[in-house]
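**Student:** Last residue of the sequence shown? That's 854 in the numbering used here, and every number before it is there in order. Where is the CB? At the ideal position from N, CA and C, for every residue including glycine. I'd like to ask some things about the structure below.
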Amino acid sequence: MKISTFKRKKKFIVISLIVLIMNLFSVNVMAETLPGADTKVNLNLTGVSLRDAFRALAEVAEMNIITDNSVQGNVTINLQDITFLEAVELLAKTNGLSYRIVGNTVLVAPPSRLKAGFSEKVTRVFKLMNSEPAEVKESLNLLVKDSAIRVDDRTNSLVITAYKSQIPQIEEVIDTLDQSKKQVVLQARIEEISRDELEKMGIDWSFDTLKLIGNDGKAMKTLEMFGESVDNATVRYSSILDLLESNNKADLLANPQIATIDGKTASIKIGDQVPIVTTDVDSDGSKSSTVEFKDVGINLKITPRVTNNNKIVVKVRPEVSTVTGYTDTTPEYPIVSTRTAETNVRIQDGKTFAIGGLIKDEEIKAMSKVPLLSELPILGKLFQSESTEIAKRELIIFITPKIISDGEEVDTQLKNEFKSTEEEYNNESNVKEGQDNNSQNNLIDKKGLKNTKIVPFEYKVKGTDTFWSISKQFKISFAAIMEHNGIKYMRPLSAGEVLTIPVPANNYYKVKEGDTVKDIAEEYNIFTQPIRQINSIKSLDGKAGMKLVLPVEVKEEDRCDFNEENKVDEVKASKDTEIESKDKNKKNKGEKSNNEEVKKQDEAESSTTKHSSS
Numbered sequence: 241m242k243i244s245t246f247k248r249k250k251k252f253i254v255i256s257l258i259v260l261i262m263n264l265f266s267v268n269v270m271a272e273t274l275p276g277a278d279t280k281v282n283l284n285l286t287g288v289s290l291r292d293a294f295r296a297l298a299e300v301a302e303m304n305i306i307t308d309n310s311v312q313g314n315v316t317i318n319l320q321d322i323t324f325l326e327a328v329e330l331l332a333k334t335n336g337l338s339y340r341i342v343g344n345t346v347l348v349a350p351p352s353r354l355k356a357g358f359s360e361k362v363t364r365v366f367k368l369m370n371s372e373p374a375e376v377k378e379s380l381n382l383l384v385k386d387s388a389i390r391v392d393d394r395t396n397s398l399v400i401t402a403y404k405s406q407i408p409q410i411e412e413v414i415d416t417l418d419q420s421k422k423q424v425v426l427q428a429r430i431e432e433i434s435r436d437e438l439e440k441m442g443i444d445w446s447f448d449t450l451k452l453i454g455n456d457g458k459a460m461k462t463l464e465m466f467g468e469s470v471d472n473a474t475v476r477y478s479s480i481l482d483l484l485e486s487n488n489k490a491d492l493l494a495n496p497q498i499a500t501i502d503g504k505t506a507s508i509k510i511g512d513q514v515p516i517v518t519t520d521v522d523s524d525g526s527k528s529s530t531v532e533f534k535d536v537g538i539n540l541k542i543t544p545r546v547t548n549n550n551k552i553v554v555k556v557r558p559e560v561s562t563v564t565g566y567t568d569t570t571p572e573y574p575i576v577s578t579r580t581a582e583t584n585v586r587i588q589d590g591k592t593f594a595i596g597g598l599i600k601d602e603e604i605k606a607m608s609k610v611p612l613l614s615e616l617p618i619l620g621k622l623f624q625s626e627s628t629e630i631a632k633r634e635l636i637i638f639i640t641p642k643i644i645s646d647g648e649e650v651d652t653q654l655k656n657e658f659k660s661t662e663e664e665y666n667n668e669s670n671v672k673e674g675q676d677n678n679s680q681n682n683l684i685d686k687k688g689l690k691n692t693k694i695v696p697f698e699y700k701v702k703g704t705d706t707f708w709s710i711s712k713q714f715k716i717s718f719a720a721i722m723e724h725n726g727i728k729y730m731r732p733l734s735a736g737e738v739l740t741i742p743v744p745a746n747n748y749y750k751v752k753e754g755d756t757v758k759d760i761a762e763e764y765n766i767f768t769q770p771i772r773q774i775n776s777i778k779s780l781d782g783k784a785g786m787k788l789v790l791p792v793e794v795k796e797e798d799r800c801d802f803n804e805e806n807k808v809d810e811v812k813a814s815k816d817t818e819i820e821s822k823d824k825n826k827k828n829k830g831e832k833s834n835n836e837e838v839k840k841q842d843e844a845e846s847s848t849t850k851h852s853s854s
């Protein structure tokens, strides 16, 4: 036990001597590098700030001390007969600080600040593969002073001078920012459409409105997604536009395509430049003129940003300007009316949205004449009449963004995704609350009806019905309805007019005893209104066995059995044919006997005639 205690004491004494020797050595070295470091000081302070304590110590020893701005806190000290450097070391270490001697000055700061401030500086070149150097430089200004970063556009590099301790952090920031960005192809279709014709035909895009005010006080609006689809069959918005164009109710102004990088702004300009001349008069009375050109037309700025789930947030800023007149001054200056809007839209890859609301009044003059009389001199004007109509036309901009797959060329993507102008315009609305997206009731087009058994349904047009509204009720494309009824061009419908709707046989529900409209609607996850409106019913009381048309496919156990009815019809048709055949035979026999009697009568008459003549 005594031997063990002796060994411990011996070990402690050795360690203490080593520490003492190291401290003396370090202080002596410091003293040699700092003149006056061995000056004896006596200092007694109570509850003073740490920075004031270092300042007082420097004044007593007549030495130089600089403290960092981050040095904070209060301290109480009582130092007697110790050297200046020992006092600095004790005061610094007891407060978690460090110090460094530079010339004849002692710098006091936290260890990290000293390391960053006095480590060796190095210069590194960082070559960027995907990003713009100027953009990355802005982010690095938080770590390094702006003057320490130089942009080399020729090599797309950043030349940075910083302390060695900062380099790893700088590298990490650059690696994070210099990521490969996706490319986005943008297709725009700019249409000017007859507003009056849209209302007359009953076309309702189901747009939500975002009011955006131009300098003329009129509102613009953002139009959200429209069109409805089922399986691979879709209603294409371009088909509707093409239909309007073929009837001179819409004009395709432009259909540009452009590719840009994620986060970069793409600009599309369509229009002219109007010269505006300004005249300046100098102090000596001389005049000088300058010409400034102002863009007039459509200026569209689109900035796509791809999210992690491959959705696209599109920032759109359309600007539409037109020359509305000229000033009364000499020379005349054009008066330019400009409307701008700015909005952000979140949309799925490949889907389409539209911006509209720019409505203008177009003056149409028409003259009617009475033939010949209107050509008479002087009096001819009495047989002429001139009328002026105001037609409203709306400018709508359709935009379809598409993410380009990694490794795919832009030209290939354009060919694959934008053949002609037949983009799909998918509907994200009209989904009943709580309904799963996979069960959306969408339109069936002509192609979908070709491979389906059709049982025509006669629908009596109501006062407010249009091809568009009927199409949405039955979930059958208006083009299929028009073709089935032999209608080539869309036109207004008349109340009481009967249309034959090509309804799939699988959409007929056989009403059972006790069924209600509400129960059927809940069973098939649809609304009650279209059921009542299509079938012109209020309730199903006493209607067991009725064939009810639904805008969705009916379960097999609930369907009407048209095959059984066809068999009955075939038997009935066979019996009718047999009866008709018997009647025909009787008729033929009767006709034959009648012919024979007529023949005998003719012969008798002939014989009588001969006898009379003789």
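Here's a check: name, in chain order, each residue in its chain whose Cβ is nearer than 6 Å to the Cβ of R353, leaving out the five neighbours to either side.
**Tutor:** If you number the sequence shown from 1, residue 353 lands on position 113. Around R353: D308.
**Student:** So, helix, strand or coil for E891, using DSSP?
**Tutor:** Beyond the ends of the chain as shown, which are 241 and 854, falls residue 891; an answer cannot be given.
**Student:** Measure the C-alpha to C-alpha separation of D471 and A719 and round it to an integer number of angstroms.
**Tutor:** The residue labelled residue 471 in the question sits at position 231 within the sequence shown. The residue labelled residue 719 in the question sits at position 479 within the sequence shown. In this prediction, D471 scores a pLDDT of 31, lower than 50, which makes its location untrustworthy; the coordinate-derived value is nonetheless stated afterwards. Cα to Cα, D471 sits roughly 18 Å from A719.
**Student:** Please work out which residues of its chain come closer than 8 Å, Cβ to Cβ, to A332, disregarding the five sequence neighbours upstream and downstream, and give them in chain order.
**Tutor:** The sequence position of residue 332 within the sequence shown is 92, counting from 1. So the qualifying residues of the chain are S338, Y339, V348.
**Student:** Leaving aside the five residues before and after A388 along the sequence, list all residues of the same chain whose C-beta is less than 8 Å from its C-beta, in chain order.
**Tutor:** For this step, residue 388 is matched to residue 148 along the sequence shown. Counting only Cβ-Cβ distances below 8 Å, and skipping sequence neighbours, we find I400, T401, A402.
**Student:** Which class does P791 belong to by DSSP, given the choice of helix, strand or coil?
**Tutor:** For this step, residue 791 is matched to residue 551 along the sequence shown. In this structure, P791 counts as coil in the three-state DSSP scheme.
**Student:** Just to confirm the assignment, what range does the beta strand (DSSP E) spanning S561 have?
**Tutor:** The residue labelled residue 561 in the question sits at position 321 within the sequence shown. Run containing S561: 551-566, per the beta strand (DSSP E) assignment.
**Student:** DSSP three-state call for I433: helix, strand or coil?
**Tutor:** Looking up residue 433 in the sequence shown gives position 193. Residue state, collapsed to three classes: strand.
**Student:** Suppose the cutoff is 8 Å on Cβ atoms and the five residues either side in sequence are ignored; what does the same chain contact list for K758 look like?
**Tutor:** In the sequence shown, residue 758 corresponds to position 518, counting from 1. Excluding sequence neighbours, K758 sits near T768.
**Student:** To the nearest angstrom, how far is the alpha carbon of N344 from that of A301?
**Tutor:** In the sequence shown, counting from the first residue as 1, residue 344 sits at position 104. In the sequence shown, counting from the first residue as 1, residue 301 sits at position 61. Looking at the two C-alpha atoms, the distance is approximately 13 Å.
**Student:** Any idea what DSSP makes of D386, helix, strand or coil?
**Tutor:** On the sequence shown, residue 386 is found 146 positions in, with the first residue counted as 1. D386 falls in the helix class under three-state DSSP.
**Student:** Counting only the same chain and skipping the five closest in sequence on each side, list residues whose C-beta sits under 8 Å from that of L380.
**Tutor:** Stepping through the sequence shown from its first residue, residue 380 is reached at position 140. The beta carbon of L380 sits closer than 8 Å to the beta carbons of I389, L398, I400, I410, V413, I414 from its chain, once the five residues preceding and following it are set aside; these are given in chain order.
**Student:** Which residues does DSSP pair with R799 in a beta bridge?
**Tutor:** For the purposes of this step, residue 799 is taken as residue 559 along the sequence shown, with counting starting at 1. Y749.
**Student:** Which of helix, strand or coil does DSSP assign to L285?
**Tutor:** Numbered from its first residue, the sequence shown carries residue 285 at position 45. Residue state, collapsed to three classes: strand.
**Student:** Have a look at L368 and Q423 and give me their C-alpha separation to the nearest angstrom.
**Tutor:** For the purposes of this step, residue 368 is identified with residue 128 of the sequence shown, where counting begins at 1. For the purposes of this step, residue 423 is identified with residue 183 of the sequence shown, where counting begins at 1. So the two alpha carbons sit approximately 18 Å from each other.
**Student:** Expressed to the nearest angstrom, what Euclidean distance is found between the alpha-carbon atoms of T547 and A581?
**Tutor:** For this step, residue 547 is matched to residue 307 along the sequence shown. For this step, residue 581 is matched to residue 341 along the sequence shown. One C-alpha to the other measures close to 23 Å.
**Student:** In three-state DSSP terms, what is P770?
**Tutor:** Along the sequence shown, one-based indexing puts residue 770 at 530. Looking at P770 - three-state DSSP - the assignment turns out to be helix.
**Student:** Is the segment 776-785 in contact with the segment 731-742, if contact means three or more CB pairs nearer than 8 Å?
**Tutor:** no
**Student:** Which residues share a DSSP beta bridge with T740?
**Tutor:** Taking the sequence shown and counting its residues from 1, the one referred to as residue 740 is at position 500. Answer by DSSP bridge pairing, in chain order: E698.
**Student:** Looking at I542 and V554, is the spacing between their C-beta atoms short of 8 Å?
**Tutor:** Mapped onto the sequence shown, residue 554 falls at position 314. Mapped onto the sequence shown, residue 542 falls at position 302. Contact flag set, yes.
**Student:** Where in the segment 285-309 do unbroken runs of the alpha helix (DSSP H), each at least 4 residues long, occur, reported from the N-terminal end onward?
**Tutor:** 290-301
**Student:** Can you tell me which of the three DSSP states S526 falls into?
**Tutor:** By 1-based counting over the sequence shown, the position of residue 526 is 286. Coil, per DSSP.
**Student:** Once the 5 residues before and after V391 are set aside, which same chain residues still bring their CB inside 7 Å of it?
**Tutor:** Position 151 of the sequence shown, counted from the start, is the residue given in the question as residue 391. Cβ within range, chain order: P373, A374, K377, L398.
**Student:** Grouping DSSP H, G and I as helix and E and B as strand, with all else coil, what is G343?
**Tutor:** If you number the sequence shown from 1, residue 343 lands on position 103. Residue state, collapsed to three classes: coil.
**Student:** If L540 and I508 are in contact, beta carbons under 8 Å, what's the gap, nearest whole angstrom?
**Tutor:** Along the sequence shown, one-based indexing puts residue 540 at 300. Along the sequence shown, one-based indexing puts residue 508 at 268. Indeed they touch by this definition, with Cβ atoms about 4 Å apart.
**Student:** Have a look at E753 and M786 and give me their C-alpha separation to the nearest angstrom.
**Tutor:** Mapped onto the sequence shown, residue 753 falls at position 513. Mapped onto the sequence shown, residue 786 falls at position 546. The alpha-carbon atoms of E753 and M786 are separated by roughly 10 Å.
**Student:** Under 8 Å Cβ to Cβ from S776, same chain only, skipping five residues before and after it: list those, please.
**Tutor:** Taking the sequence shown and counting its residues from 1, the one referred to as residue 776 is at position 536. If we look at S776 and ignore the five residues flanking it on each side, its Cβ neighbours are K700.
**Student:** On the criterion of 16 or more Cβ atoms from any shown chain inside 10 Å, does P515 qualify as buried, or is it exposed?
**Tutor:** Here residue 515 is taken as the residue at index 275 of the sequence shown, counted from 1. So P515 ends up on the exposed side.
**Student:** Under the three-state reduction of DSSP, which class applies to S335: helix, strand or coil?
**Tutor:** The count along the sequence shown starts at 1 and reaches residue 335 at position 95. Reading off the sequence, residue 335 comes out as Asn, not Ser. Looking at N335 - three-state DSSP - the assignment turns out to be coil, as it is neither helix nor strand.
**Student:** Give the secondary structure of A216 by DSSP, where H, G and I count as helix, E and B as strand, and everything else as coil.
**Tutor:** One cannot answer for residue 216 here, as it falls past the ends of the chain, which runs 241 to 854.
**Student:** Keeping to the same chain, check which residues put their C-beta closer than 6 Å to that of F533; ignore five residues upstream and five downstream.
**Tutor:** Position 293 of the sequence shown, counted from the start, is the residue given in the question as residue 533. Contacts found: Q513, P515.
**Student:** Just mark Q624 as buried or exposed, buried being the case when its beta carbon has 16 or more other beta carbons within 10 Å.
**Tutor:** As a working note, residue 624 is residue 384 in the sequence shown. Exposed: under 16 other Cβ atoms inside 10 Å.
**Student:** Can you tell me whether T756 is buried or exposed? The criterion is at least 16 other CB atoms within 10 Å of its CB, across all chains shown.
**Tutor:** The count along the sequence shown starts at 1 and reaches residue 756 at position 516. Under this definition T756 is an exposed residue.
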